[in-house]
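Engineer: Residues 5 to 314 in the numbering used here are what the sequence shown lists, from first letter to last. Glycine residues also receive a C-beta, built at the ideal position from the N, C-alpha and C atoms. What you are looking at is a predicted structure, and each value in this text was computed from that prediction instead of being measured.
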Amino acid sequence: MPSVISINDISIDKINKILENASKYKIDIKNNCTLPSDRKTNDSLKSFNIGILFFEPSTRTMMSFQTAINRCNGHFIQYYEDYSSVKKGESFHDTIKTFEQYCDLLIIRHPDYNIFNTISEYTNVPLINAGDGSTEHPSQALLDLFTIKDHHKDILKSILFVGDLKHSRTVNSLIKLLRKTYSELQYYFLSPELLRYDDNSLRNFKIVSSYDDCVRDVDVIYMTRVQYERFTNINKTKSYWETEINKITMTPQVMKKMKPNSILMHPLPRNEELSILCDNDPRSKYFQQMENGVYVRMALLNYCLNDLKI
Ligand code: NCD
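(1) Count the CB pairs spanning the stretch 198-210 and the stretch 292-303 that are closer than 8 Å, and state whether there are at least three.
(2) Contact defined as beta carbons within less than 8 Å: I believe I56 pairs with M67. What is the distance between those atoms, to the nearest angstrom?
(3) Hey, I54 and F80: beta-carbon distance below 8 Å or not?
(4) Once DSSP output is grouped into helix, strand and coil, what is the label at G297?
(5) Examine ligand 1 and report whether any of its heavy atoms sits within less than 7 Å of the Cβ of T174.
(6) When you compare each of F103, I31, N77 and C76 to S88 by their alpha carbons, which one comes out closest?
(7) Taking the C-alpha atoms as reference points, what is the distance between M5 and I31?
(8) Within the present structure, is the beta-carbon of T228 separated from the nearest heavy atom of ligand 1 by less than 7 Å?
(9) Based on the DSSP secondary-structure assignment, which residues constitute the bridge partners of N133?
(10) Alpha carbon to alpha carbon, what distance is there between H171 and S10?
(11) Can you find a heavy atom of ligand 1 that lies under 7 Å from the Cβ of P130?
(12) Is there contact between the stretch 149-160 and the stretch 246-257, where contact requires at least three CB pairs shorter than 8 Å?
(13) Does any heavy atom of ligand 1 sit closer than 7 Å to the C-beta of Q144?
(14) Would the C-beta of L181 count as close to ligand 1, meaning under 7 Å from any of its heavy atoms?
(15) Could you tell me which of N74, Y83, H155 and L178 sits nearest to S27, measuring between CA atoms?
(16) State the start and end residues of the unbroken alpha helix (DSSP H) segment that holds M67.
(17) Is the distance from the Cβ of N306 to the Cβ of N25 below 8 Å?
(18) Among E233, S288, R274 and P273, which one has its Cα closest to the Cα of I258?
(19) Pick helix, strand or coil for E60, following the three-state DSSP scheme.
(20) State yes or no: is the beta carbon of P264 nearer than 8 Å to at least one beta carbon in chain C?
(21) Kindly examine ligand 1 and report whether one of its heavy atoms sits closer than 7 Å to the Cβ of H141.
(22) Would you mind reading off the limits of the alpha helix (DSSP H) that contains V258?
(23) On the three-state DSSP scale, how would you describe V8?
(24) I'd like to confirm something about Q105: is its beta-carbon nearer than 7 Å to some heavy atom of ligand 1, or not?
(25) What three-state label does DSSP hand H155 in the structure shown?
(26) Going by the DSSP bridge assignment, what does K210 pair with across the sheet?
(27) Tell me the rounded alpha-carbon separation between F235 and I159.
(28) Ligand 1 heavy atoms versus the CB of P273: any closer than 7 Å?
(29) Which parts of the stretch 210-236 are runs of the beta strand (DSSP E), unbroken and 3 residues or longer, counting only runs that do not cross its ends?
(30) If T71 and Y83 are in contact, beta carbons under 8 Å, what's the gap, nearest whole angstrom?
(31) DSSP three-state call for S27: helix, strand or coil?
(32) Can you tell me the Cβ-Cβ gap for F69 and I111, rounded? I've got them flagged as a contact below 8 Å.
Here it is, written out as structure tokens:
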């Protein structure tokens, strides 16, 4: 059974099939029911017990994985640090070995970027990376692509990434996925200078210094918050960051300049970089991303455990 640690672990054919299955789930759950009690579930994960181990905070990723498992009638058990033997000095290794005895797949979030190399050395159960440090967050990238395709179908010419592009694992995984999917895509980056995207294998990108440089042209704007918890050697004052964030804050005034069919995305959580005044603009898709996360994770779990049969 396959693991998904990086977006590069899945072939483009399988990615397309995962997104296709996610669409079927969306139609089943959303469109084919008039009452909440009609909401369809299926038995595709009925025989599986899934371990959820988050060593970092989460709202959407954890809840949407849980909801995805529930909608497929699967089971999950969850790691809670405060109630675990870690409090009695148990090691990370022994915690993983314990979950391995009970579970058919582990969904893990952890602050260390190389944690999956370590885990893979001592466990054979399939793993899903729910975010490892600044490295990757493949299930988020899949739901982001699903949301983009939902809106733009297969035609996408340009995307602007805004915010902390140095530490954002969602940006890293999404760019990997976009590179597999769209060969001609033009990338724009708007970020504080200390937080620039730094993978120099990307070719067709432009660093811009304000929204005005490209906001009228781009098909998608993808924002992220500043990830202070991942800073290592950056020592700047609070007021420095306030000024920097002010320069990239998304407001209804900026949205007025976007094309009518372009969309605004954010993996959330947001801080000051995205004003709540943008929420009611129909081009704001961040709540849609959250909902799509459930359908995509239903399909992803079925890719890992059922070879995509849903
Ligand atoms: C992101 C994450 O955890 O990487 N959130 C998410 O999973 N939806 C983004 C972030 O923390 O800024």
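Structural biologist: Once the coordinates are examined:
(1) no
(2) I56 to M67, Cβ: 10 Å. No contact.
(3) yes
(4) helix
(5) yes
(6) F103
(7) 27 Å
(8) yes
(9) I112
(10) 16 Å
(11) no
(12) no
(13) yes
(14) no
(15) H155
(16) R64 to R75
(17) yes
(18) According to the sequence as given, residue 258 is Val; it is not Ile. The option with the nearest alpha carbon to V258 is S288.
(19) coil
(20) In summary, chain C is missing from the structure at hand, where a single protein chain is found.
(21) yes
(22) P256 to K260
(23) strand
(24) no
(25) helix
(26) Y192
(27) 36 Å
(28) yes
(29) 224-227
(30) Incorrect: roughly 18 Å between the Cβ atoms, too far for contact.
(31) helix
(32) 5 Å
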